[in-house]
Every structure is written in structure tokens, then in C-alpha cells.
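S.K.: Just dropping this structure here.
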Amino acid sequence: QLHTFNSIEPLNVASLSYAVESSHIRKPQLQSVRASNVDRTGMPAYHFRPRKNWMNGPMHFKGLYHLFYQYNPDGAVWGNIVWAHSVSKDLINWEGVDEAINASEPFDLMGCWSGSATILPGDKPVIHYTGVLQDDKTQVQNYAIPENSSDPYLRKWVKPGNNPVIYPHGVNASAFRDPTTSWWGNGYWKVLVGSRRYQTGIAYLYRSRDFIRWVKSEQPFHSKADTGMWECPDFFPVSLVGQNGLDTSFSGPNIKHVFKVSLDDTRYDYYTIGKYFASEDKYVPGNTSEDGWGGLRYDYGNFYASKSFYDPIKKRRILWGWANESDTAENDTAKGWAGIQLVPRKIWLDPNGRQLLQWPVEELNSLRAEHVKLSNHGLEKGTYLQIKGITAAQADVEVNFSIPSLDKAEPFDSSWINAQDLCGLKGSTVQGGWAFWALDFGLTTFRRVHPSSLEFSEMVPSTNKVLLCSAANRCCLSISSKKDINI
């Protein structure tokens, strides 16, 4: 069954806390080249994005969802970064408001980078963000507050004069960024900042009673050797019972904690599920979570710098991810836009306690239009089945199929440890006869114009579990786009 989507035009929307090109590489010759014409070919219509140029914490306040995001108002590559701001009542239809934070002070003149929002008691929102000093490029943590917190749109933000509030004393000053949403515990506000020491990824914890004077914990909150810089850390509790989300400050029985980092070296996220020792402000991953490059991932596609937030109205935790579309900087400049905010997802703990489950937020169903359904069709190896009656450029596809025989599926080999490496061994176009590849299945679009498709291969081991791999190397019209084999 296919559900076509109504076309929408979201305004300037994405999530804060999104890092950008590795090591924040500037392209001075392109970062201020304004888009004379925005090429809408291939531009997503229902993902959040600016109308043009480069984009890359969300929160709920007074009946509105707020999304802050890093945005280049002057070009379609990273640079000239400001914090743009949009609001919504339903996570679908968005209204752009004034930019929240611009580089204007000595403590952020060289950059207003990623951060997070926290709502303090009395409905007082505060933004923590990374600023870059002009003199020596030191990275520091600043805060901003609404000019009028009674305004549900939070149109104006101010940066108090006592910034910065967190300096990189005793840590790597050039790798010290992306403060998390803060949480309250044991009489203190606590926040994490991502960093590295040589090739060891580190999250430092800072405490404060008044949200202004912060003191670093004696020991890192968590660290892992050989993982490189930890960008955009995220930390939150999950319930052992049911699918309801929990406020970031929640403590009590029947919970575990999730700790996520974005790896600057590899450009993907990984997370662990473990135990938070509040009295020591220490996090320890559980023995079922691999801590490192091979750890659990929210998404094996183009997905980076994710950020979650708690929605108190619907009692759910929502996850956002960012995709930079994988074009070259020159292509981004030519087409006049770059980057999208991925579909928001509700996340909760699997009943087995070893991983998170996720599903697109229910509000997305409101975009569905015409329903096209086909039933009882057989597909022989190498054949196509044309789906007629679709006029929309974008569709939501649900496919149910059965396999006549699994005789050719090879029993699971214990050496198949790393799923993403396993998917990359063979492309999805390899037809049968090789070890565990039991099925090749694909969706092809624009076949008469350009053979662009998304194809799948499925491994069915003896334990009846499924590994679903997608071959993105056939899904792009642009020949210069980065094309990976992803799960």
C-alpha cells in the first residue's frame, strides 16, 4: 500500500544541537555565496528545512513546539552560523520567527555553535550554546534567555553580560562543545559537554545551583578510548514499563538511562543503555551495550547529530536527526540549499531492555492523501511490478511479502558481528547464490528518466531474526553525491 503525501512548505525548521561538516571546516569562497536560484529538483517537501541555504534543542513551551537550528543565512555551505528558530502546534506545520542567537559578542564572535534548551522552574526557558572566542578560537559555553518569557513564541532572546558561564579549564579548548539539556538532581543542575583527549571521546559533567556558576566534576561523566571527538551528547531516562517518555530530570525505580554521542570522525551516532549513578555523577553502559564504533545506532542511513526532547503533553520522548544530503559543497551552492531535518520519531525502550524502539510521530499521518493498494502479486527473480495511479512526487510505502522457501538461507555465523560491515560486503544487486542473501527487493522510481532506486537485501539466519540492508548507491540522481551501503 502506498500513501501519497500532501505537499507542504515548512518554514526554516530543524533541530538545534546539530554539528556540521567534520571539524567544522570552513569554505570561505562559498560560505557567503547567496542562492540566486533555488533548484527544487529532489528537494523534500515534508521534511523540515529552510527554504534555501545551509541548515543543520527542541522543546515544548506554552502549547508550542520550538525548534532551534544552526543556519547559514548567507550561503548553502557551513559558515556564518546563527541560531534560527521556528514554532509549531503539531510538529508538521511550522512558522519561522526571528533568529534567536547571532554572533555579536566577544564570547561568540567566531561562532554560535550547537547547544540545548532547558526549561527551569516557573516556565523559564534557557539556552546553553557553544561560543567561539575571537582571539584564540577557544570554545566556551554561554547561555541566552528570552527577552519576554510570557511570549509563547519566544521571539526575542538576549545574551546576559556574565557570559561565558563554562570555560574549558583543564580540558581541550579546541574540542569542547555542544552542551546537553540540563537535569536536576541532588540539589544541583547538571549539564554535559562533549570533548576529546587525544583520541579518547569524553563527556564532562558540570554542576550548578543557580544555572550561572558551574563547577566541573572531578571525574568525566563517561569516556571511551579510540572514539575521537564526541559531538552533540544526549542523556535521558527511559522507562522499563510501557512506551511513555520521561522528563530528563526524572529519577526513581524501573528506569534505565540512554547515553548518545555523535562521532566526529565517522559522522554517525551511537548510543548505549546503562545505569546512571546519581550520587557519583557517573554513567556505566550495561553489559548488553557495545560501547564504541560498533555500538547501537538510531539509524544506519544519513543520520547525524541527533537530539531528543520530552513532550509533556503527549508524554513521549521525540528524537530528531539531521541529514546533510551528502552532496558536495559545490553542488549545494549550485542548487541553493543543503540539509534537512529528518522525520521526528517517538522512541522508547524495547521490552527486552537492550535497545530502543522508534516510530514516526503520529502527526505525520495527517499528510497522507490518496491511498493506492495492490494485493496478491507474485514477483519472479529480476522482474518488475509497475505501481500505477501515483501522481505525487513523494509517497509512504508499506510492503508485506512472503518468501516461498528459506532453503538457501545460511545458518547464522557467529563471526557476523558487525551488521553495518556485513551489509557492505556485497551490493544489493547481487542476485542469490551467496551465503546468507535470501532475498533482493527494490523500489525503482524515475525509471524512464534515470535508473534511480532503493534496493534491499535481507538475511534470515536460523534464529529467525532479520537484517535489512539498503543500498543507497543507486538512489541518487546526482553522480557526485556520496553513496553508502547502509542498514
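1 is the number of the first residue of the sequence shown in the UniProt record's numbering; add one for each residue after it.
Where is the CB? At the ideal position from N, CA and C, for every residue including glycine.
1. In three-state DSSP terms, what is LEU364?
2. Do the region 327 to 337 and the region 284 to 296 touch if we need at least three Cβ pairs shorter than 8 Å?
3. Go to ASP332, then tell me how far its beta strand (DSSP E) extends in each direction, as first and last residue.
4. State the Cα-Cα distance for the pair GLY252 and ALA278, rounded to the nearest angstrom.
5. Secondary structure at LEU205, three-state DSSP: helix, strand or coil?
6. Output yes or no for whether 8 Å exceeds the beta carbon distance between LEU154 and PRO125.
7. Can you tell which of THR227, ALA392, GLN199, PHE176 has the C-alpha that lies nearest to the C-alpha of TYR206?
8. According to DSSP, simplified to helix, strand and coil, what is GLU218?
9. Do LYS216 and GLY201 have their C-beta atoms within less than 8 Å of each other?
10. Is ILE347 closer than 8 Å to LEU319 when the C-beta atoms are compared?
11. Let me check understanding here. Comparing Cα to Cα, which of GLU280, VAL343, TRP322, GLU370 lies closest to ALA393?
12. Going by DSSP, what residues sit across from HIS257 in a beta bridge?
13. Do GLN199 and the ligand FAD come close, with the Cβ less than 7 Å from some heavy atom?
14. Mind listing, in chain order, the continuous beta strand (DSSP E) runs of no fewer than 3 residues lying wholly within the region 86 to 160?
15. Report yes if the CB atom of ASP350 is closer than 8 Å to the CB atom of ALA338, and no otherwise.
16. Could you tell me the boundaries of the beta strand (DSSP E) in which ILE347 lies?
17. Kindly indicate the opening and closing residues of the beta strand (DSSP E) around HIS60.
18. So, at 6 Å on beta carbons, what are the nonlocal neighbours of SER32 in its own chain, with the 5 sequence-adjacent residues on each side left out?
19. Along the chain, where does the beta strand (DSSP E) that runs through HIS66 open and close?
20. Does the region 168 to 175 come into contact with the region 184 to 202, if we say contact requires no fewer than three beta-carbon pairs (one atom in each stretch) closer than 8 Å?
21. Mapping DSSP to helix, strand and coil, what is LYS307?
22. DSSP three-state label for LEU296, please.
23. How is TYR283 classed by DSSP in three states: helix, strand or coil?
24. Let me confirm a value: TYR283 is counted as buried when at least 16 other C-beta atoms fall within 10 Å, else exposed. Which label applies?
25. Since PRO179 and GLN139 are thought to touch, with beta carbons under 8 Å apart, how far apart are those beta carbons, to the nearest angstrom?
26. Shortest alpha-carbon distance to LEU379 belongs to which of ASN80, ILE403, THR272?
27. Which residues does DSSP list as the beta-bridge partners of LEU192?
28. Could you tell me if ASP226 is buried or exposed, where buried requires 16 or more neighbouring beta carbons within 10 angstroms of its beta carbon?
29. Whole-angstrom Cβ separation of PHE303 and GLY292, contact assumed at under 8 Å?
30. Inspect the CB distances between the region 245 to 262 and the region 309 to 318 and report whether three or more fall short of 8 Å.
31. By DSSP, does HIS47 sit in helix, in strand, or in coil?
32. The beta strand (DSSP E) with ALA395 in it runs from where to where?
33. Would you mind giving the Cβ-Cβ distance between HIS47 and LEU342, rounded to the nearest angstrom? I have them listed as a contact below 8 Å.
34. Please say whether ASN162 and LYS156 have beta carbons closer to each other than 8 Å?
35. I need the straight-line Cα distance from GLN355 to GLU290, nearest angstrom please.
36. Please state the DSSP three-state secondary structure of ARG267.
M.R.: Based on what the coordinates show:
1. helix
2. Judged by Cβ distances under 8 Å, the region 327 to 337 makes no contact with the region 284 to 296, as fewer than three pairs qualify.
3. Segment 329 to 335 is the alpha helix (DSSP H) holding ASP332; no beta strand (DSSP E) there.
4. 11 Å
5. Reduced to three states, the DSSP call for LEU205 is strand.
6. yes
7. PHE176
8. coil
9. no
10. yes
11. The candidate whose alpha carbon is nearest that of ALA393 is GLU370.
12. PRO237, GLY274
13. The ligand FAD is absent from the structure shown, which contains no ligands of any kind.
14. 94 to 101, 112 to 120, 124 to 132, 139 to 146
15. In this structure, ALA338 does not lie closer than 8 Å to ASP350 by Cβ.
16. Its beta strand (DSSP E) spans residues 345 to 349.
17. Counting along the chain, HIS60 sits inside the beta strand (DSSP E) bounded by residues 59 to 61.
18. Reliability fails at SER32, whose pLDDT of 49 lies under 50, so the model's placement of it is uncertain and the value that follows must be treated cautiously. Result list for SER32: ASP74, GLY75, in chain order.
19. HIS66 -> beta strand (DSSP E) spans 64 to 72.
20. yes
21. strand
22. In the displayed model, LEU296 falls within a strand according to three-state DSSP.
23. strand
24. buried
25. Between GLN139 and PRO179 the Cβ distance is about 11 Å, and since that is not below 8 Å, they are no contact.
26. ILE403
27. LEU205
28. When all chains shown are included, ASP226 counts as exposed.
29. Contact annotation, PHE303 with GLY292: C-beta distance approximately 18 Å; criterion of less than 8 Å not satisfied.
30. yes
31. Of the three classes helix, strand and coil, the one that applies to HIS47 here is coil, per DSSP.
32. 395 to 397
33. Contact between HIS47 and LEU342 holds, with the beta-carbon distance rounding to 6 Å and staying under 8 Å.
34. no
35. 11 Å
36. Residue state, collapsed to three classes: coil.
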